[in-house]
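Q: Below are the structure tokens for one structure; questions will follow.
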Amino acid sequence: MFHIVSAKDILQWGVRFGFDVPTNKKDFTTSLAYKRTLNYNVGLQLRVGERFFGQAGLDYHINKCQLIWKDTLSSVQHIELGYLALPIEAGFHIVETKKLSFRANAGLQYRVLVRLSKNDIGIKRKDFQQHNLDAIVSLGLDVYSFTFDVGYRKSFFHLMPTSAHYRDMFTLSLGLIF
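Offset between the sequence shown (1-based) and our numbering: plus 78.
Have a look at this one:
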């Protein structure tokens, strides 16, 4: 029996906004403590397929954090890191109806550091790992055109070459897909 599928059925695009919660609490370096952080991202997503699908995106990740020099009492600096990210995932709709879908995704994400805010403590972009690769997994729920995802991102490389701090995160995102 034949099943007729339109382009709209196999190609979807959308936007998303998310928050990331760090799971690695190690300091940046032995002299630089990593404290309060706010991590969020915005992006575009493209999904191709039916029950099994591929998903790619283009995201901008923002990490605002507070750094404290350990050898001084009052040297606190707020910095912002900006990353351009390209996630590529494979997924499977575990439960799928016309109005609702519960799915699982897994893949890789390439991130490049594109911005470091000005700071008074002499940290430069070259002090950070410029390129990174992450493993990403998530569970998602689509209700009509709304998407909700909960996931985990594990970095393969340290944030700074001389650091034990990884950008490992629990992720939460909301979006629209058409």
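Cβ atoms here follow ideal geometry from the backbone N, Cα and C, with glycine treated the same way.
Please read these numbers as outputs of a predicted model, since none were measured by experiment.
Hey, how far is the Cα of Gly132 from the Cα of Ile140?
A: Taking the first residue of the sequence shown as 1, we reach residue 132 at position 54. Taking the first residue of the sequence shown as 1, we reach residue 140 at position 62. If you take the alpha carbons of Gly132 and Ile140, they lie about 25 Å apart.
Q: Closest by CA to Arg94, which one among Arg189, Phe235, Leu122?
A: Within the sequence shown, numbered from 1, the residue matching residue 94 stands at position 16. Per the Cα distances, Leu122.
Q: Report the residue from Pro239, Ile157, Gly229 whose alpha carbon sits nearest the alpha carbon of Gly200.
A: As a working mapping, residue 200 is identified with position 122 in the sequence shown. Answer by Cα proximity: Ile157.
Q: Can you list, in chain order, the residues of its chain with a C-beta nearer than 6 Å to that of Ser179? Leave out the 5 residues immediately preceding and following it.
A: Your numbering for residue 179 matches position 101 in the sequence shown. His171, Asp220.
Q: How about Gly96 and Leu250: are their beta carbons less than 7 Å apart?
A: In the sequence shown, residue 96 corresponds to position 18, counting from 1. In the sequence shown, residue 250 corresponds to position 172, counting from 1. Cβ distance < 7 Å, so Gly96 and Leu250 count as in contact.
Q: Give me, in chain order, the residues of the same chain whose beta-carbon lies closer than 6 Å to that of Lys142; leave out the 5 immediate sequence neighbours on both sides.
A: Residue numbering aside, residue 142 sits at position 64 when the sequence shown is read from its first letter. Excluding sequence neighbours, Lys142 sits near Leu116, Glu158.
Q: Return the residue from the list Ala134, Ala213, Leu162, Ile166 that minimises the CA-CA distance to Val192.
A: The residue labelled residue 192 in the question sits at position 114 within the sequence shown. That would be Leu162, whose Cα lies nearest to the Cα of Val192.
Q: Could you check if Leu237 is buried or exposed, using at least 16 other CB atoms within 10 Å of its CB as the buried criterion?
A: By 1-based counting over the sequence shown, the position of residue 237 is 159. It is buried - the Cβ of Leu237 has at least 16 other Cβ atoms within 10 Å.
Q: In the DSSP output, which residue or residues are listed as bridge partners for Ser251?
A: Within the sequence shown, numbered from 1, the residue matching residue 251 stands at position 173. Ser251 is bridged to Gly96, Asp227.
Q: Let me confirm a value: Asn210 is counted as buried when at least 16 other C-beta atoms fall within 10 Å, else exposed. Which label applies?
A: As a position in the sequence shown, residue 210 is number 132, starting the count at 1. Buried is the call here.
Q: Can you grab the Cα-Cα spacing for the pair Ile88 / Ala111, in whole Å?
A: Along the sequence shown, read from residue 1 onward, the residue named residue 88 stands at position 10. Along the sequence shown, read from residue 1 onward, the residue named residue 111 stands at position 33. C-alpha separation (whole angstroms): 47 Å.
Q: Who are the Cβ neighbours of Phe256 in its own chain at under 7 Å, not counting the five residues just before and after it?
A: As a first step, residue 256 must be located in the sequence shown, where it is residue number 178. For Phe256, where only same-chain residues beyond five positions count, the Cβ hits under 7 Å are Gln90, Trp91, Gly92, Ser223.
Q: Which two residues bound the contiguous beta strand (DSSP E) that contains Phe206?
A: As a first step, residue 206 is located in the sequence shown; it is residue number 128 there, counting from the start. Per DSSP, Phe206 belongs to no beta strand (DSSP E) and is neither H nor E.
Q: Would you give the residue range spanned by the beta strand (DSSP E) that Arg129 belongs to?
A: One-based indexing of the sequence shown puts residue 129 at position 51. Note, Arg129: premise wrong, no beta strand (DSSP E); not H, not E.
Q: With DSSP run on the structure shown, which of helix, strand or coil describes Asp87?
A: For the purposes of this step, residue 87 is taken as residue 9 along the sequence shown, with counting starting at 1. Here Asp87 sits in helix by DSSP.
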